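**Student:** Protein chains in written order, with numbering that gives the first Met the number 0: chain Z, 0 to 162; chain P, 0 to 162.
Every residue, glycine too, gets a C-beta built ideally from N, C-alpha and C.
Here the structure is a predicted model, which is why all the values come from computation and not from measurement.
2 protein chains.
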Amino acid sequence: MGKELLKQAIQSAQASKKQGNPALSKEEAISQGLELINASKICLLGTNSEDGFPNIKAMLNLKHDGLKHIWFSTNTSSKRVQQLRKDNRACVYYVDEKNFRGLMLIGTVDILQDIESRKMLWSQGAEVYYPLGVEDPDYSVLRFTAQRGNYYQNLNNITFDIA
Amino acid sequence: MGKELLKQAIQSAQASKKQGNPALSKEEAISQGLELINASKICLLGTNSEDGFPNIKAMLNLKHDGLKHIWFSTNTSSKRVQQLRKDNRACVYYVDEKNFRGLMLIGTVDILQDIESRKMLWSQGAEVYYPLGVEDPDYSVLRFTAQRGNYYQNLNNITFDIA
Chain Z
0 MGKELLKQAI
10 QSAQASKKQG
20 NPALSKEEAI
30 SQGLELINAS
40 KICLLGTNSE
50 DGFPNIKAML
60 NLKHDGLKHI
70 WFSTNTSSKR
80 VQQLRKDNRA
90 CVYYVDEKNF
100 RGLMLIGTVD
110 ILQDIESRKM
120 LWSQGAEVYY
130 PLGVEDPDYS
140 VLRFTAQRGN
150 YYQNLNNITF
160 DIA
Chain P
0 MGKELLKQAI
10 QSAQASKKQG
20 NPALSKEEAI
30 SQGLELINAS
40 KICLLGTNSE
50 DGFPNIKAML
60 NLKHDGLKHI
70 WFSTNTSSKR
80 VQQLRKDNRA
90 CVYYVDEKNF
100 RGLMLIGTVD
110 ILQDIESRKM
120 LWSQGAEVYY
130 PLGVEDPDYS
140 VLRFTAQRGN
150 YYQNLNNITF
160 DIA
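Structure below.
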């Protein structure tokens, strides 16, 4: 697996270099980042564990508002919620492995249990996760709020604030 | 994108539940985790940034030794190396979005520049990243050493030590 993909990555980087590695503007990064989010089935949520190690968990890409807000559904009893209660700093990462590009958003997470948020992410059959239904105390909604982002493709990358 | 995938996840979880959500043994988790690593083109490296936020970056899945050691190539000048010099605690995550399973490994990273490690991960054309070749000071090898792992599929998950 390894070296074959490295060859592809090298070829992609070489093609970009031949074009002079054109620098990305903030507007291009945001536009391409949004396109990546819309094309992604999942994203990766990074949190701080209590023992100081970073943790990563794949989350379903259910709902977002631009790059500013992203919502996830999860079990209130999950390790992620326990960690976020103690430290709500997080990152959300989207990756396109075919085109060697990715978007990292840095921000904080609010843990919501209001009925509007619960209903917004509910789907038929979700009782398999939350047996008591949409009002199950073990059902929480995470709302991520981005402060800044980093978008890269091949050898180009740009960091930008998110207002 | 969102709700359709949620429906697939719910169906997969329901199918697993019908089979009684059979618990994973440590041996099964390690065996399935290794299979996931071998099938993965990329993985996600989690690090601690200086300002206390978790960071995530996709890395090419180049080489591993069981679940214990994973090697990555990167630029010495990269943000990842700067972060790992100050705090070498990290995690490595592999995800299979089609089958709703993932493997998180928790451990630490050593930054290597010995010639054997450099040659081990080198590939023809890698000068696009490291213009001075295999001895480029801007070429580093990251060696991740796992302490413990967490493997999940659908609603089942298990945490285990890695000797």
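Do P:Asn60 and P:Ile41 have their C-beta atoms within less than 7 Å of each other?
**Tutor:** Yes. Within cutoff.
**Student:** Going straight from the alpha carbon of P:Gln146 to that of P:Leu83, what length do you get?
**Tutor:** Their backbone Cα atoms lie some 17 Å apart in a straight line.
**Student:** Smallest Cα separation from P:Ser76: which of P:Tyr128, P:Val108 and P:Thr46?
**Tutor:** The residue with the shortest Cα to Cα distance from P:Ser76 is P:Tyr128.
**Student:** When you check each C-beta in the region 17-40 of chain P against every C-beta of chain Z, which residues fall closer than 8 Å?
**Tutor:** So the list reads Asn37, Ala38, Ser39 and Lys40, given in the order they occur along the chain.
**Student:** When we look at the beta-carbon of P:Ser24 and count the other beta-carbons within 10 Å, is it buried (16 or more) or exposed?
**Tutor:** The residue is exposed, with fewer than 16 neighbouring Cβ atoms inside 10 Å.
**Student:** Kindly list, in the order they appear in chain C, the residues whose Cβ is closer than 8 Å to that of Z:Val80.
**Tutor:** Of the protein chains in this structure, namely Z and P, none is chain C.
**Student:** By how many angstroms is the C-alpha of P:Arg88 removed from the C-alpha of P:Val80?
**Tutor:** For P:Val80 and P:Arg88, the distance between alpha carbons rounds to 12 Å.
**Student:** Taking only beta-carbon atoms, is Z:Arg117 less than 7 Å away from chain P?
**Tutor:** It does not; no Cβ of chain P falls within 7 Å.
**Student:** For a contact meaning CB atoms closer than 7 Å, what does Z:Gln13 contact in chain P?
**Tutor:** Near Z:Gln13 (Cβ distances below 7 Å), the residues of chain P are Gly124 and Val127.
**Student:** Among Z:Val91, Z:Ile69 and Z:Gln7, which has the Cα closest to the Cα of Z:Tyr150?
**Tutor:** Closest by alpha carbon: Z:Val91.
**Student:** Quick one: Cα of P:Ala155 to Cα of P:Asn20, how far?
**Tutor:** In the sequence on display, residue 155 of chain P carries Asn and not Ala. In a straight line, the C-alpha of P:Asn155 is about 7 Å away from that of P:Asn20.
**Student:** Could you please give me the residues that DSSP links to P:Pro53 through a beta bridge?
**Tutor:** In the DSSP output, where bridge partners are listed per residue, P:Pro53 has P:Asn47.
**Student:** With contact counted as at least three CB pairs below 8 Å, one residue from each stretch, are the region 96-113 of chain Z and the region 31-47 of chain Z in contact?
**Tutor:** They touch, by the three-pair rule.
**Student:** May I have the straight-line CA-CA distance separating Z:Ser15 from Z:Asn153, to the nearest angstrom?
**Tutor:** The alpha-carbon atoms of Z:Ser15 and Z:Asn153 are separated by roughly 7 Å.
**Student:** Which value, in whole angstroms, describes the spacing of the CA atoms of Z:Glu3 and P:Ile29?
**Tutor:** Cα-Cα distance, rounded: 25 Å.
**Student:** From the DSSP output, in three-state form, read off P:Gln168 for me.
**Tutor:** Residue 168 of chain P lies beyond the stretch modelled for chain P, which goes from 0 to 162, so this question has no answer here.
**Student:** So with CB distances below 9 Å, who are the chain P contacts of Z:Thr73?
**Tutor:** By Cβ distance, chain P contributes nothing, its closest Cβ being about 12 Å from Z:Thr73, past 9 Å.
**Student:** Check each candidate in P:Pro130, P:Gly45 and P:Gly65 and name the one with the smallest Cα separation from P:Thr107.
**Tutor:** P:Thr107 has its Cα closest to that of P:Gly45, out of P:Pro130, P:Gly45 and P:Gly65.
**Student:** Any heavy atom of the ligand ZN inside 6 Å of the beta-carbon of Z:Asp95?
**Tutor:** Ligands displayed in this structure: none; no statement on the ligand ZN is therefore possible.
**Student:** List, in order along the chain, the chain P residues whose C-beta lies closer than 7 Å to that of Z:Pro130?
**Tutor:** Under the 7 Å cutoff, chain P gives no residues; its nearest Cβ is about 10 Å from Z:Pro130.
**Student:** Does the Cβ of P:Val133 have 16 or more other Cβ atoms within 10 Å, making it buried, or fewer, making it exposed?
**Tutor:** Classification for P:Val133: exposed.
**Student:** Can you pull the DSSP bridge partners for Z:Gly32?
**Tutor:** Z:Gly32 is not bridged to any residue.
**Student:** Between which two residues does the alpha helix (DSSP H) holding Z:Leu83 run?
**Tutor:** First-last of the alpha helix (DSSP H) with Z:Leu83: Lys78 to Lys85.
**Student:** If contact means a Cβ-Cβ distance below 7 Å, which residues of the region 87-99 of chain P contact chain Z?
**Tutor:** Correct list: Arg88, Ala89, Cys90, Tyr92, Val94 and Glu96.
**Student:** Less than 6 Å between C-beta atoms, sequence neighbours within five positions excluded: which residues of the same chain meet that for Z:Ile114?
**Tutor:** There are no such residues.
**Student:** Does any residue of chain Z have a CB that is nearer than 7 Å to the CB of P:Leu5?
**Tutor:** Yes, P:Leu5 counts as interfacial toward chain Z.
**Student:** Starting from the C-beta of P:Leu131, find all residues in its chain whose C-beta is less than 6 Å away, skip the five residues before and the five after it, and write them out in chain order.
**Tutor:** Correct list: empty, nothing qualifies.
**Student:** Interface residues of chain Z around P:Met58 at Cβ under 8 Å?
**Tutor:** What P:Met58 touches in chain Z: nothing, since even the nearest Cβ is about 10 Å away.
**Student:** Could you tell me whether the Cβ of Z:Lys164 comes closer than 7 Å to any Cβ of chain P?
**Tutor:** Lying outside 0 to 162, the shown extent of chain Z, residue 164 of chain Z is not represented and no answer is given.
**Student:** With distances taken from CA atoms, which of P:Phe143, P:Ala125, P:Arg117 and P:Gln112 is nearest Z:Ile9?
**Tutor:** Considering only alpha carbons, the answer is P:Ala125.
**Student:** Could you please give me the residues that DSSP links to Z:Asp109 through a beta bridge?
**Tutor:** The partner list for Z:Asp109 (beta bridge, DSSP) reads Z:Arg142.
**Student:** Could you check whether Z:Val94 and Z:Leu120 sit closer than 7 Å to each other, using their CB atoms as the reference points?
**Tutor:** Not closer than 7 Å, so no.
**Student:** Just reading off the alpha helix (DSSP H) that P:Lys236 is part of, what are its end residues?
**Tutor:** Any property of residue 236 of chain P remains undetermined from this structure, which presents chain P solely from 0 to 162.
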